[in-house]
């Protein structure tokens, strides 16, 4: 399973819940539907990512990046 | 010998000085908002032969026909040009009828087409090359410019203020960030820190299984810089928006790592709570703008929330200038570079990427920044574009309070009002963020 962020296009912002349902039908385990931002986060099997991209209203499907800051004792943070 | 007269020139350089200019003998009067200029001019100086732009079709004043008027009023601008002698001018300004109505009076200047003066520029370049060569810094080019900049400003932490608050004009600003919500998305906050007693703090965790309490330190440091108190007991002041409403969002765990899901959820929370400023001292060394942050930044901005993020610390200058990582490299997210106390680019501060979004937009104090840290340590001095970012976020809150601007307007205000520096824009964007007076 891959953690992904699905960005919804401007035209489908109002129907984000419907798009989330559609994505769920295509294998996305929906985590959060962030209405204010038009982004849906969740998990999907590696080989199903491409089929998510084909859903109407989907602008982009992106695996998570690795966000990390240095440890507390580092001089540059 | 310096010639007197309406235009004074420097010896040998053939250029007018900053303080002298050619004038017409008339005066330009700027009126306060919503004042009728003609009425004021009549009452305060007895001027009756007044031409008004509103008398002309499409307000195209006929300059020939009005040449003999005692005053010409440009009604859209609240400005008039008046022909009076200095005595009349003096009476006009002190007249009861003018009280509170006149903002400024200046001599009317004569303007000229600007001529290209290549001789001057060449002479300057040769001078800098010679000078920097003597210092062993090479010829005029990047090294030459830095040699000239050696004589620049130097700031220092004082008993009263950190160097960063002095450099950005925060120490003399009349603004506090009152009633402005500032969201800081980071490792959380030390909710028991004595310096924040009595402050309005809304704390939320977006890291599963971890409370908002900061167990790393980075978040407390950034909240300190952006929103720390005006008069911390026994410490110099280190915070910008000392009356802002703090929204502390934990998106990074105690080990300093976070996920897109958590960060995006926190941005959504901050936008839903109408935070005009969202500060994110975090990122990944990913050169390609990350689509969910492109979308989040775009929509947040549209809804009045400006996201301000660290450009990144992946440089190792002078050899490696690094690059702006995600999320700062999203087009609708403001990217902040770091400066030291002599307003030079920090050794670690990432440089702009080519391409849309990857620009460093502005810079802030980011080297040896003193701020709060979880108890019992209480305070700590560290460096990073992470430290520059909350300076800009706090300053954004001051401007939001001062102007009422939000979103893209607030972005433009920060850029417009920043101190231009003799450094490449790819490193510092528009320069050092400055607070409103």
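Chains as they are written, first to last, in the numbering used here: chain A, 12 to 88; chain B, 4 to 440. Even glycine gets a Cβ: it sits at the ideal position worked out from N, Cα and C.
Enclosing alpha helix (DSSP H) for residue i [first to last residue]
| i | result |
| --- | --- |
| residue 398 of chain B | 388-406 |
| residue 64 of chain A | 60-64 |
| residue 410 of chain B | 410-419 |
| residue 27 of chain A | 27-36 |
| residue 222 of chain B | 221-230 |
| residue 48 of chain B | 40-48 |
| residue 430 of chain B | 428-431 |
| residue 97 of chain B | 89-97 |
| residue 435 of chain B | Residue 435 of chain B -> no alpha helix (DSSP H), and no H or E assigned at all. |
| residue 167 of chain B | 166-170 |
| residue 214 of chain B | Unbroken run through residue 214 of chain B: none, as it is neither H nor E. |
| residue 357 of chain B | Unbroken run through residue 357 of chain B: none, as it is neither H nor E. |
Per-residue contacts from residue i into chain A (C-beta, under 7 Å)
| i | result |
| --- | --- |
| residue 287 of chain B | 76, 77, 78 |
| residue 51 of chain B | Residues of chain A passing the Cβ test: none, with the nearest at roughly 59 Å. |
| residue 351 of chain B | 87 |
| residue 271 of chain B | 45, 47, 48 |
| residue 329 of chain B | 76 |
| residue 299 of chain B | 48, 50 |
Neighbour list for residue i in chain B, Cβ cutoff strictly below 8 Å
| i | result |
| --- | --- |
| residue 14 of chain A | 262, 263, 264 |
Rounded distance between the beta-carbons of residue j and residue i, thought under 8 Å
| i | j | result |
| --- | --- | --- |
| residue 387 of chain B | residue 318 of chain B | About 12 Å separates the two Cβ atoms, so there is no contact after all. |
| residue 29 of chain B | residue 157 of chain B | Not really, about 44 Å apart at Cβ, beyond 8 Å. |
| residue 279 of chain B | residue 413 of chain B | 7 Å |
| residue 285 of chain B | residue 80 of chain A | 6 Å |
| residue 246 of chain B | residue 169 of chain B | That belief does not hold up - the Cβ atoms of residue 246 of chain B and residue 169 of chain B are roughly 20 Å apart, past 8 Å. |
| residue 395 of chain B | residue 339 of chain B | 5 Å |
| residue 264 of chain B | residue 60 of chain A | With a Cβ gap of about 16 Å, residue 264 of chain B and residue 60 of chain A do not count as contacting. |
| residue 261 of chain B | residue 78 of chain A | 4 Å |
| residue 13 of chain A | residue 74 of chain A | 5 Å |
| residue 87 of chain A | residue 332 of chain B | Contact doesn't hold; Cβ gap of about 20 Å is too wide. |
| residue 328 of chain B | residue 353 of chain B | 7 Å |
| residue 294 of chain B | residue 253 of chain B | Actually they are not in contact, since the Cβ atoms of residue 294 of chain B and residue 253 of chain B sit about 24 Å apart, beyond 8 Å. |
| residue 385 of chain B | residue 224 of chain B | 7 Å |
| residue 69 of chain A | residue 19 of chain A | 7 Å |
| residue 207 of chain B | residue 166 of chain B | Going by Cβ atoms, the distance from residue 207 of chain B to residue 166 of chain B rounds to 32 Å, so no, they are not a contact pair. |
| residue 226 of chain B | residue 249 of chain B | 6 Å |
| residue 217 of chain B | residue 193 of chain B | 5 Å |
7 Å Cβ cut-off: residues of chain B touching residue i
| i | result |
| --- | --- |
| residue 88 of chain A | 221, 385, 387, 389 |
| residue 71 of chain A | 294 |
Element boundaries [beta strand (DSSP E), containing residue i]
| i | result |
| --- | --- |
| residue 73 of chain A | 69-74 |
| residue 208 of chain B | 204-208 |
| residue 283 of chain B | 280-283 |
| residue 40 of chain A | 40-45 |
| residue 368 of chain B | 365-368 |
| residue 54 of chain A | 50-55 |
| residue 56 of chain B | Neither: residue 56 of chain B is in no beta strand (DSSP E) and is coded neither H nor E. |
| residue 337 of chain B | 337-342 |
| residue 289 of chain B | Run containing residue 289 of chain B: none; DSSP gives neither H nor E here. |
| residue 374 of chain B | 372-375 |
| residue 309 of chain B | 309-313 |
DSSP bridge partner residues for residue i (one or two, in chain order)
| i | result |
| --- | --- |
| residue 127 of chain B | Per DSSP, none; premise fails for residue 127 of chain B. |
| residue 112 of chain B | B/26 |
| residue 189 of chain B | B/253 |
| residue 105 of chain B | B/34 |
| residue 79 of chain A | B/260 |
| residue 84 of chain B | B/31, B/75 |
| residue 16 of chain A | A/52, A/73 |
| residue 383 of chain B | B/374 |
| residue 248 of chain B | B/184 |
| residue 348 of chain B | B/342 |
| residue 87 of chain A | B/386 |
| residue 323 of chain B | B/319 |
Chain A residues whose Cβ lies nearer than 8 Å to that of residue i
| i | result |
| --- | --- |
| residue 267 of chain B | 16, 43, 45, 48, 50, 52 |
| residue 275 of chain B | 47 |
| residue 306 of chain B | 47 |
| residue 195 of chain B | Here the premise fails: no neighbours, minimum Cβ distance about 17 Å. |
| residue 83 of chain B | Those within 8 Å of residue 83 of chain B in chain A number zero; the least Cβ separation is about 48 Å. |
Proximal chain A residues relative to residue i, where beta-carbon distance stays under 9 Å
| i | result |
| --- | --- |
| residue 314 of chain B | In chain order: nothing, as chain A lies at least about 13 Å away. |
| residue 303 of chain B | 47, 48 |
Can you give me, in chain order, the residues of the segment 41-67 of chain A that have a beta carbon less than 7 Å from any beta carbon in chain B?
42, 43, 45, 47, 48, 49, 50, 52
Residues of the segment 234-263 of chain B whose Cβ lies closer than 7 Å to any Cβ of chain A, in chain order:
255, 259, 260, 261, 262, 263
Interface residues of the segment 15-42 of chain A facing chain B [CB-CB below 7 Å]:
16, 18, 42
Residues from the segment 332-344 of chain B in contact with chain A, defined by Cβ distance under 7 Å
none
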